[in-house]
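In this note's numbering, the protein residues as written are 1 to 294.
Using N, Cα and C, we set each Cβ at its ideal position, and we do this for glycine too.
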Amino acid sequence: MRSILLLGKLGQLGWELQRALAPLGEVSAFDFPEIDLANEGQVRAIVRSQRPQVIVNATAYTAVDKAESEPEIAMAINARAPGILAEEALRLGAAVIHYSTDYVFDGTKGSQYLENDIPNPLGVYGRSKLGGERAIQTVGGNYLILRTSWVYSLRRDSFVTKVLQWSRQRAVLRIVSDQIGNPTWSRMLAEATSILLVKGGEGWLDWLKEKRGLYHLAGSGYASRLEWAQAILKEDPRREEQVTREIQPALTADFPTPAQRPLFSALNCDLFTRTFGARLPDWQYGLQMAMEIT
Numbered sequence: 001m002r003s004i005l006l007l008g009k010l011g012q013l014g015w016e017l018q019r020a021l022a023p024l025g026e027v028s029a030f031d032f033p034e035i036d037l038a039n040e041g042q043v044r045a046i047v048r049s050q051r052p053q054v055i056v057n058a059t060a061y062t063a064v065d066k067a068e069s070e071p072e073i074a075m076a077i078n079a080r081a082p083g084i085l086a087e088e089a090l091r092l093g094a095a096v097i098h099y100s101t102d103y104v105f106d107g108t109k110g111s112q113y114l115e116n117d118i119p120n121p122l123g124v125y126g127r128s129k130l131g132g133e134r135a136i137q138t139v140g141g142n143y144l145i146l147r148t149s150w151v152y153s154l155r156r157d158s159f160v161t162k163v164l165q166w167s168r169q170r171a172v173l174r175i176v177s178d179q180i181g182n183p184t185w186s187r188m189l190a191e192a193t194s195i196l197l198v199k200g201g202e203g204w205l206d207w208l209k210e211k212r213g214l215y216h217l218a219g220s221g222y223a224s225r226l227e228w229a230q231a232i233l234k235e236d237p238r239r240e241e242q243v244t245r246e247i248q249p250a251l252t253a254d255f256p257t258p259a260q261r262p263l264f265s266a267l268n269c270d271l272f273t274r275t276f277g278a279r280l281p282d283w284q285y286g287l288q289m290a291m292e293i294t
């Protein structure tokens with residue numbers, strides 16, 4: 001049985017990871033205020049006390065707009081803490097699994113991004129997440145960095161829960177049609193993570209040495225926010241509660257925000273499929289399952 005340290009247990013991904021990782025070993029799960037990833041001493045102390053074989057970091061500062069006014073906190077949690085975790089993992093001979101974001105790209109490519117495309121984040125959040133990737137890569141050791149996109153859960157505040165809420169309040173919804181990404185159900189992302197731990201068997205660390213690196217992992221296919229919202233209303237199991245009668249397309253520019261967002265940040269996940277022989281299902285199927293099961 002592996003010893004697994006899970007950080008970020010209360011987040012939409014972390015909650016699902018607790019469930020998915022439980023059969024694979026002894027999982028010690030923590031979140032704020034038990035641990036503050038902005039506090040280097042706390043980060044090092046918890047790793048040294050737990051002595052895990054695998055560190056799964058699902059913690060992140062994800063307030064994209066707020067990050068513009070709190071860059072120090074965003075950088076501490078998203079950029080510096082992953083490097084500290086990688087250092088402690090290297091000292092223990094452990095592995096790190098870390099999650100990053102499509103927001104490391106500027107969205108101007110016009111097609112799905114590959115792992116070797118040059119990042120160019122538009123805001124503090126994206127820069128901080130890119131900093132975390134590079135910190136882990138600089139330390140080295142056994143690591144997997146999984147860039148994902150538009151992660152959602154029905155258990156926590158997300159785009160899906162917001163659209164469902166709006167549909168009970170507004171006759172007309174205006175949803176941006178020029179932001180495009182891969183909607184990714186957090187449960188499927190967590191289950192894919194657990195599959196990675198299973199695939200290597202007892203010699204997982206040796207197996208990982210040959211496959212370590214950065215991969216894109218998100219729901220297959222891509223959609224605009226508008227198309228995603230339309231699918232959410234269609235798959236809503238309680239459609240009779242909806243008062244929305246029309247969804248109108250809008251532009252990102254119609255809704256000014258402190259942080260600029262990439263317009264086309266969809267990820268190409270073929271490298272993950274070639275390397276590990278797995279992929280996440282189509283985003284539409286993921287949404288359907290989330291609506292039926294959650």
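Can you tell me which of the three DSSP states residue i falls into?
{"i": "isoleucine 118", "result": "coil"}
{"i": "tryptophan 295", "result": "Here the chain covers residues 1 to 294 and nothing more, so residue 295 does not appear."}
{"i": "asparagine 268", "result": "coil"}
{"i": "asparagine 182", "result": "coil"}
{"i": "phenylalanine 90", "result": "Sequence check: residue 90 is leucine here, not phenylalanine. Looking at leucine 90 - three-state DSSP - the assignment turns out to be helix."}
{"i": "asparagine 78", "result": "helix"}
{"i": "arginine 261", "result": "coil"}
{"i": "glutamine 248", "result": "strand"}
{"i": "leucine 7", "result": "strand"}
With a CB to CB cut of under 8 angstroms and the five nearest residues on each side skipped, what residues in its chain are close to residue i?
{"i": "lysine 209", "result": "Asn142"}
{"i": "lysine 109", "result": "Asp117 and Phe264"}
{"i": "leucine 271", "result": "Leu114, Glu115, Tyr215 and His216"}
{"i": "proline 71", "result": "Val124 and Ser128"}
{"i": "alanine 171", "result": "Val243, Thr244, Arg245 and Glu246"}
{"i": "leucine 251", "result": "Val176, Ser177 and Asp178"}
{"i": "threonine 275", "result": "Lys211 and Tyr215"}
Look at the alpha carbon of residue i and the alpha carbon of residue j, and state the distance between them as a whole number of angstroms.
{"i": "methionine 75", "j": "arginine 245", "result": "42 angstroms"}
{"i": "isoleucine 84", "j": "alanine 223", "result": "35 angstroms"}
{"i": "glycine 107", "j": "leucine 263", "result": "5 angstroms"}
{"i": "leucine 7", "j": "glycine 14", "result": "7 angstroms"}
{"i": "alanine 290", "j": "leucine 189", "result": "12 angstroms"}
{"i": "glutamate 115", "j": "isoleucine 293", "result": "32 angstroms"}
{"i": "glutamine 137", "j": "glutamate 202", "result": "25 angstroms"}
{"i": "aspartate 254", "j": "glycine 140", "result": "43 angstroms"}
{"i": "arginine 2", "j": "valine 198", "result": "10 angstroms"}
{"i": "valine 176", "j": "arginine 91", "result": "46 angstroms"}
{"i": "proline 119", "j": "phenylalanine 105", "result": "5 angstroms"}
{"i": "aspartate 102", "j": "leucine 146", "result": "10 angstroms"}
{"i": "arginine 156", "j": "alanine 229", "result": "17 angstroms"}
{"i": "arginine 238", "j": "glycine 200", "result": "42 angstroms"}
{"i": "valine 163", "j": "glutamate 240", "result": "15 angstroms"}
{"i": "threonine 148", "j": "alanine 218", "result": "5 angstroms"}
{"i": "leucine 233", "j": "glutamate 227", "result": "10 angstroms"}
{"i": "glutamine 18", "j": "glutamate 26", "result": "11 angstroms"}
Return yes when the Cβ of residue j is within less than 8 angstroms of the Cβ of residue i, no when it is not.
{"i": "valine 151", "j": "glutamine 12", "result": "yes"}
{"i": "proline 52", "j": "isoleucine 4", "result": "yes"}
{"i": "leucine 287", "j": "tryptophan 166", "result": "no"}
{"i": "arginine 261", "j": "cysteine 269", "result": "no"}
{"i": "lysine 9", "j": "alanine 29", "result": "yes"}
{"i": "glutamine 112", "j": "alanine 231", "result": "no"}
{"i": "glutamine 248", "j": "arginine 174", "result": "yes"}
Excluding five sequence neighbours on each side, which residues of the same chain lie with their C-beta closer than 6 angstroms to the C-beta of residue i?
{"i": "valine 47", "result": "Glu88"}
{"i": "alanine 259", "result": "Val64, Asp65, Glu68 and Gly123"}
{"i": "leucine 144", "result": "Ile97"}
{"i": "glutamine 42", "result": "Ile35 and Asp36"}
Which same chain residues end up closer than 7 angstroms to residue i when comparing Cβ atoms and leaving out the 5 residues on each side of it in sequence?
{"i": "threonine 161", "result": "Leu154"}
{"i": "leucine 205", "result": "Ala95 and Asn142"}
{"i": "alanine 20", "result": "Ala190, Glu191, Thr193 and Ser194"}
{"i": "isoleucine 73", "result": "Ala38 and Tyr61"}
For a cutoff of 8 angstroms on Cβ pairs, would you count residue i as touching chain D?
{"i": "glycine 213", "result": "Protein chain content of the structure displayed is limited to a single chain, and chain D is not contained in it."}
Inset, instruction - Count the C-beta pairs between the region 127-140 and the region 180-196 that are closer than 8 angstroms, then say yes if the count reaches three, no if not. - result: no
Legend entry - Meets three-Cβ-pair contact criterion under 8 angstroms: the region 60-80 and the region 32-40: yes
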